Structures are given as structure tokens and as C-alpha cells.
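Q: Going by UniProt numbering, the sequence shown opens with residue 1, and the numbers climb by one from there. We put the beta carbon where it would ideally sit given N, CA and C, even for glycine. These numbers come from a predicted model, not from an experiment. Got a structure here, written out as C-alpha cells. Questions coming.
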Amino acid sequence: MLAHRLKQARLRAGLSQEKLGKLAGIDPMSASARMNQYERGKHSPDYQLMCRVAEILNMPVSWFYTADDEQARLQEIFYHLDANTRRPLLTQAESLIAANPPSNSSASNGNTAQPTTAN
């Protein structure tokens with residue numbers, strides 16, 4: 001998943017593999033080759049590098065590791081909202097969960113998080 005999302009975000013940002021690699025602090029002589037290996041899934045970048053890449057590409061680092069496209073889209077949307085907009089969105093999401101408790105099939109998919117309320 002990481003390889004696909006890395007390429008997707010890089011292309012969306014209009015950056016070459018070499019440029020992204022250099023911006024992320026990879027040695028200029030190997031930046032293009034290393035980014036190519038990451039995008040093909042031949043090698044995996046470490047988390048610290050992915051944090052730098054995510055910042056450069058203006059994406060949440062968790063987005064690169066999320067397999068489910070809808071969850072990834074929610075992470076991306078949430079990341080780009082300011083703090084004043086995030087709170088009402090969280091409140092609405094928590095209300096939806098309270099009104100429609102997760103089914104057992106959701107729990108078996110690993111979606112066992114319970115809503116929390118802010119004080």
C-alpha cells in the first residue's frame with residue numbers, strides 16, 4: 001500500500017522521484033533510485049523518512065500506511081482541516097457512531113474503537 005500511495009502523492013504534487021528524494025534528505029546521487037525502489041515496493045523507507053516525505057507532500061503520514069481507501073480519504077480530509085473545523089466533524093462522527101453502533105462485522109474487521117467525548 002505504501003508504494004502505491006507514495007507514487008500517487010508524489011505525482012499529485014508534481015515532483016520527480018529525484019526531487020522528492022532530495023527534499024526528503026536522501027543523498028542526491030541516489031535519491032531517484034531510492035525513491036523508485038520505494039514506489040515499486042522493492043524496499044520500504046523507514047518511518048522517519050516517511051514523516052519527512054509526508055510533510056513535503058502535505059499529507060498525513062498515516063495515509064501512506066492505510067489500506068482502506070475510504071479511511072485514507074478521511075485521514076486526508078481531516079489533516080487538511082483547521083482545528084476549528086475538526087471539532088464539529090469529530091462531534092458529528094461520534095453522533096453517527098452513537099446512533100448506529102458498530103456491528104459485529106465491523107469489530108471483526110478491526111474497527112473496535114469506541115467514540116470518546118470531549119469535556
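(1) Grab me the residues of residue 39's own chain with a C-beta within less than 6 Å of its C-beta, minus the 5 sequence neighbours each way, in chain order.
(2) Mind the definition here: the segment 42-50 touches the segment 68-86 only if three or more C-beta pairs lie below 8 Å; say whether that holds.
(3) Find the nearest neighbour of residue 42 within the set 92, 1, 94 and 88, judged by alpha-carbon distance.
(4) Tell me which residue opens and which closes the alpha helix (DSSP H) that residue 96 is part of.
(5) Do residue 32 and residue 18 have their CB atoms nearer than 7 Å?
A: In this structure, then:
(1) 3, 6 and 7
(2) no
(3) 1
(4) 83-99
(5) yes
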